[in-house]
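K.L.:
Heads up: the protein sequence lines correspond to chains A and B, in order. Just so you know, we're using this note's numbering here: the first sequence kicks off at 12 and counts up by one. Just so you know, we're using this note's numbering here: the second sequence kicks off at 12 and counts up by one.
Number of protein chains: 2
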Amino acid sequence: MAVYTEVGDEDLIAFIAEYDLGEVISCKGIAEGVENTNYLLQTTMGRYILTLYEKRVKESDLPYFLGLIEHLASAGVTCPVPLHGRDGNALRRLCGRPAAMVSFLDGMWPRRIKPDHCSALGEALAQLHVAGDTYAATRPNALSVHAWRPLFEACAARADSVSPGLSDTLARELDHLESNWPKDLPSGVCHADLFPDNVFFIGDKLSGIIDFYFACTDFFAYDLAICLNAWCFERDNSFNITKARIMLSRYRTVRPFSDAEVQALPLLARGSAVRFLLTRLYDWLHHPEGALVKPKDPLDYLAKLNFHQTVKSPDAYGLE
Amino acid sequence: MAVYTEVGDEDLIAFIAEYDLGEVISCKGIAEGVENTNYLLQTTMGRYILTLYEKRVKESDLPYFLGLIEHLASAGVTCPVPLHGRDGNALRRLCGRPAAMVSFLDGMWPRRIKPDHCSALGEALAQLHVAGDTYAATRPNALSVHAWRPLFEACAARADSVSPGLSDTLARELDHLESNWPKDLPSGVCHADLFPDNVFFIGDKLSGIIDFYFACTDFFAYDLAICLNAWCFERDNSFNITKARIMLSRYRTVRPFSDAEVQALPLLARGSAVRFLLTRLYDWLHHPEGALVKPKDPLDYLAKLNFHQTVKSPDAYGLE
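1. For residue 216 of chain B, decide whether its Cβ has a neighbour in chain A, counting only Cβ atoms nearer than 8 angstroms.
2. Counting only C-beta atoms, is residue 171 of chain A closer than 8 angstroms to chain B at any point?
3. Among residues of its own chain, excluding the 5 on either side of residue 318 of chain A, which ones have a beta-carbon nearer than 7 angstroms to its beta-carbon?
4. According to DSSP, residue 49 of chain A sits in a beta bridge with which residue or residues?
5. Which of the residues in the stretch 233 to 258 of chain B, read from start to end, lie with their CB under 7 angstroms from any CB of chain A?
6. Taking beta-carbon pairs under 8 angstroms, can you tell me which members of the stretch 125 to 158 of chain B lie near chain A?
7. Residues in the same chain with beta-carbon distance under 6 angstroms from residue 16 of chain A, minus the five sequence neighbours each way, listed in chain order, please.
8. Quick one: Cα of residue 126 of chain A to Cα of residue 79 of chain B, how far?
9. Mapping the DSSP letters down to three states, classify residue 291 of chain A as helix, strand or coil.
10. Are the beta-carbon atoms belonging to residue 21 of chain B and residue 123 of chain A less than 8 angstroms from one another?
11. Given this structure, state the Cα-to-Cα distance separating residue 129 of chain B from residue 120 of chain B, to the nearest angstrom.
12. Quick one: which residues of the stretch 94 to 123 of chain A get their C-beta closer than 9 angstroms to a C-beta of chain B? List them in chain order.
13. If we define contact as Cβ-Cβ less than 8 angstroms, is residue 65 of chain A a contact residue for chain B?
14. So is residue 56 of chain B buried or exposed if we call it buried at 16+ other beta carbons inside 10 Å?
15. Any chance the stretch 135 to 152 of chain B sits against the stretch 255 to 269 of chain B, with 3 or more Cβ pairs inside 8 angstroms?
16. At which residues does the alpha helix (DSSP H) containing residue 216 of chain B begin and terminate?
17. Run the CB neighbour count on residue 183 of chain B, radius 10 Å, all protein chains shown included, and call it buried at 16 or more, exposed below.
18. Is there a Cβ from chain B that is less than 8 angstroms from the Cβ of residue 25 of chain A?
19. Would you please verify whether the beta carbon of residue 42 of chain A is less than 8 angstroms from any beta carbon of chain B?
20. Note down, in chain order, each residue of its chain lying with its Cβ closer than 8 angstroms to the Cβ of residue 145 of chain B, except the 5 sequence neighbours on either side.
21. Output, in chain order, the set of chain A residues within a Cβ distance shorter than 8 angstroms of residue 7 of chain B.
22. Quick test of your reading: residue 230 of chain B and residue 193 of chain B, contact by CB under 8 angstroms. State the CB separation rounded to the nearest angstrom.
23. Measuring alpha carbon to alpha carbon, tell me which residue in B:254, B:244, B:265 and B:268 is nearest residue 284 of chain B.
24. Report all residues from its chain with a CB closer than 6 angstroms to the CB of residue 295 of chain A; omit the five preceding and five following residues, and keep chain order.
25. The beta strand (DSSP E) spanning residue 18 of chain B covers which residue range?
26. I'd like the list of long-range same chain contacts for residue 219 of chain B, defined as Cβ closer than 6 angstroms, with 5 residues on each side in sequence excluded.
27. Which residues in the same chain have their Cβ closer than 6 angstroms to the Cβ of residue 280 of chain B, if we skip the five residues on either side of it in sequence?
28. From the beta carbon of residue 166 of chain B, is the nearest beta carbon of chain A less than 8 angstroms away?
29. Can you list, in chain order, the residues of its chain whose CB lies under 8 angstroms from that of residue 171 of chain A, leaving out five sequence neighbours each side?
30. Identify, in the order they occur along the chain, each residue of the same chain with its Cβ nearer than 8 angstroms to the Cβ of residue 150 of chain B, setting aside the five sequence neighbours on each side.
31. Between which residues of its own chain and residue 255 of chain B is the CB-CB distance below 8 angstroms, once the five residues before and five after are set aside?
32. Using a Cβ-Cβ distance cut-off of 8 angstroms, determine whether residue 12 of chain B contacts chain A.
33. Checking 8 angstroms against the spacing of the C-beta atoms, do residue 111 of chain B and residue 77 of chain B come in under that value?
34. Of the residues B:59, B:104 and B:163, which one's Cα is nearest the Cα of residue 92 of chain B?
35. Would you verify that the beta carbon of residue 35 of chain B is, or is not, closer than 8 angstroms to some beta carbon of chain A?
36. Please report the straight-line C-alpha distance between residue 188 of chain A and residue 234 of chain A, rounded to a whole angstrom.
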């Protein structure tokens with residue numbers, strides 16, 4: 012939850028005047044998203060999200076992200092659509108920050124994940140992968156396997172203060188992942204951060220996918236592995252194979268898996284667990300006193316990693 | 012800015028089912044108000060504010076506050092209207108906290124105060140005072156003159172670390188205020204916290220007054236003195252007599268002043284400056300590390316106090 016940049020009424024009205032959106036009726040800073048400042052804006056024409064991009068998002072990446080959601084939305088993915096000003100630009104500046112307006116998506120993210128949610132997610136993720144295939148721009152995944160060792164090195168000395176033995180566990184796991192990481196799986200646009208708080212539902216129906224600010228070009232199966240970790244574990248960190256089976260089988264009705272993808276899934280799931288374990292561990296050890304955002308507990312991801320380390324074959328995820 | 016209590020989708024849907032408000036479409040925690048948790052809720056029927064009352068608001072005061080805004084709204088004051096559930100109750104519980112839903116008010120609060128804002132504010136405040144006259148319940152002002160010495164004593168030892176000499180200044184000022192505080196001015200319902208961020212405008216038109224959680228029974232002229240301090244000083248803390256004159260003269264077109272009120276205004280302005288200086292000083296010295304809310308600088312109110320201490324007669328506020 013965070014509003015890092017406060018936008019005044021006069022600045023806002025001048026900004027909105029660049030669009031054909033009528034008059035501003037209200038504007039509320041919303042306590043969602045930890046990377047950027049977001050406002051829910053109501054005009055005489057409708058509801059929109061105004062985002063001011065803060066320091067954690069690289070400004071040079073913004074055209075990729077905005078172009079991507081525009082591309083995906085036009086292909087039928089229920090994601091925010093960037094609005095263009097009268098000058099044609101979707102990306103502009105407000106209060107000294109890069110800023111953009113996107114359409115508002117109805118719905119709420121599910122706190123208690125049910126199998127139906129996993130089913131709808133599997134279908135939507137496959138549709139996203141297929142729709143992204145015709146997006147020309149690319150962006151390497153800045154948080155893939157090559158990024159993990161530097162993160163680990165910045166945490167290694169203090170990792171055992173979070174959990175005894177964590178440093179050794181991570182060192183051994185990184186050796187394994189770096190030696191075995193696949194090189195040639197089917198790849199394309201990945202969301203790469205598809206946690207439940209980025210997926211909205213109205214009832215059981217998926218109504219929107221948001222927050223594409225980690226989107227990148229990577230293995231489709233790695234994006235699925237991220238979802239396995241984010242959606243298919245219970246609160247006590249036990250793995251729910253029913254949710255995984257439903258998610259994966261629904262996915263493959265839209266985009267079938269190759270054999271190589273199926274075989275790679277256990278390793279990708281370990282990698283995905285390490286990715287979030289490391290970034291959370293880094294934030295946990297490095298967050299400033301008095302920060303507006305509380306870091307997430309890294310140890311949930313240690314439990315998930317421990318599970319995947321015991322997996323002997325893709326059957327463990329409900330794949331046949 | 013703060014969302015202290017996170018409300019999940021299932022809890023919310025069960026809560027809203029107690030009302031006749033249709034289906035929930037979206038719900039966003041909003042970064043406004045420092046005392047409570049507020050959500051902007053959209054249903055198929057309209058937009059509402061859902062408030063969960065946190066520890067700083069006394070639960071036993073809530074019926075007074077909710078009854079008051081219901082009373083004021085029915086008398087034509089543009090303030091939020093509490094919604095009643097099917098059982099007739101406006102006050103209920105959600106996620107272990109007292110909670111209520113109120114109507115949403117359009118508009119934005121003005122960051123740069125213009126004389127027109129002060130004029131509209133003066134009229135609205137007088138209307139609020141008149142409308143409140145028929146509200147039967149009362150609530151003593153817990154932050155009036157008798158509350159200031161205990162606050163001072165909790166800060167005195169460290170006050171000079173914020174500004175050299177502050178402790179002496181406050182000690183002398185409190186002696187003066189306690190000896191001279193009026194006893195029998197016209198009194199009734201006061202908002203008692205009518206800062207610009209609690210007053211919405213659409214263009215130059217005042218569209219709403221919010222945040223009645225300091226409302227109490229006190230001198231009307233003290234409420235005006237709070238507004239003098241909150242609305243009629245420039246950012247460099249210079250007093251703008253034009254704004255004061257406009258605010259006060261517009262106020263008296265709706266509710267005329269007594270002579271006693273006019274004569275008391277300089278003292279009440281000093282008292283109001285001390286009230287906010289002390290509460291801000293207290294928060295400044297006592298806020299916990301890592302708090303979600305940054306305390307406001309108390310020294311703006313020292314500058315305002317210094318101005319009022321030089322005032323020899325009510326003429327200084329543009330009163331004739």
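C-beta: ideal position from N, C-alpha, C; glycine also.
P.N.:
Let's see:
1. It does not; no Cβ of chain A falls within 8 angstroms.
2. No, residue 171 of chain A does not count as interfacial toward chain B.
3. 250
4. Note: residue 49 of chain A sits in a beta bridge opposite A:41 and A:62.
5. none
6. Residues of the stretch 125 to 158 of chain B whose Cβ lies closer than 8 angstroms to any Cβ of chain A: none.
7. 48, 63, 106 and 108
8. 46 angstroms
9. helix
10. yes
11. 12 angstroms
12. 115, 116, 117, 118, 119, 120, 121, 122 and 123
13. no
14. exposed
15. Verdict: yes, contact present.
16. In the DSSP assignment, residue 216 of chain B falls outside any alpha helix (DSSP H) and within the unbroken beta strand (DSSP E) covering 216 to 220.
17. exposed
18. no
19. yes
20. 82 and 86
21. No answer is possible for residue 7 of chain B: the residues shown for chain B start at 12 and end at 331.
22. With a Cβ gap of about 7 angstroms, residue 230 of chain B and residue 193 of chain B count as contacting.
23. B:244
24. Cβ neighbours of residue 295 of chain A beyond the five flanking positions: 306 and 309.
25. Looking at the DSSP string, residue 18 of chain B is not in any beta strand (DSSP E), and its letter there is neither H nor E.
26. 89, 116, 118 and 211
27. Counting only Cβ-Cβ distances below 6 angstroms, and skipping sequence neighbours, we find 236, 239 and 319.
28. no
29. 177 and 178
30. Cβ contact annotation for residue 150 of chain B (same chain, cutoff 8 angstroms, sequence separation greater than five): 72, 75, 226, 227 and 228, in chain order.
31. 129, 239, 243, 328 and 329
32. At residue 12 of chain B the pLDDT is 46, less than 50, meaning the model places this residue with poor confidence; the figure from the coordinates comes in the next sentence. At least one chain A Cβ lies under 8 angstroms of residue 12 of chain B.
33. yes
34. B:59
35. With 8 angstroms as the cut-off, residue 35 of chain B counts as an interface residue toward chain A.
36. 16 angstroms
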